[in-house]
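Enquirer: Sharing a structure here in structure tokens format.
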Amino acid sequence: MVQITYRIVEHDGGWAYKLGDTFSETFPNHDAARAAAVAASREQKVSDKDAWIEWEDTNGQWVTERADGHDRPDATVEG
């Protein structure tokens, strides 16, 4: 199983969560960013249903692909 970690970091005058090199939107405080990261990590665990997903790659391009609903990562939050 793939392990992913959302990290809470200062960003753009506020706080964000970060996965790899990608930042979330900016939140006004640490608690709000952490709550959003926890919600995002819970969504990673939803299984049993294939779905179309969109994500931004390292070049800033949006990618659309079909995700296998039975192959979910183990997501954690730090910070």
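Reading the sequence shown from the start, the letters are residues 10 to 88 in this note's numbering.
Backbone N, C-alpha and C fix where the C-beta goes; we use that ideal spot for every residue, glycine too.
What you are looking at is a predicted structure, and each value in this text was computed from that prediction instead of being measured.
Within the region 15-62, note down every full beta strand (DSSP E) run reaching 3 residues or more, in order along the chain.
Expert: As far as the region 15-62 is concerned, its whole beta strand (DSSP E) runs of at least 3 residues are 23-28.
Enquirer: Can you tell me whether residue 81 is helix, strand or coil according to DSSP?
Expert: Residue state, collapsed to three classes: coil.
Enquirer: In three-state DSSP terms, what is residue 73?
Expert: Residue 73: strand per DSSP, three-state reduction.
Enquirer: Run the CB neighbour count on residue 71, radius 10 Å, all protein chains shown included, and call it buried at 16 or more, exposed below.
Expert: Residue 71 should be labelled exposed.
Enquirer: Roughly how many angstroms separate the alpha carbons of residue 13 and residue 46, rounded to a whole number?
Expert: For residue 13 and residue 46, the distance between alpha carbons rounds to 12 Å.
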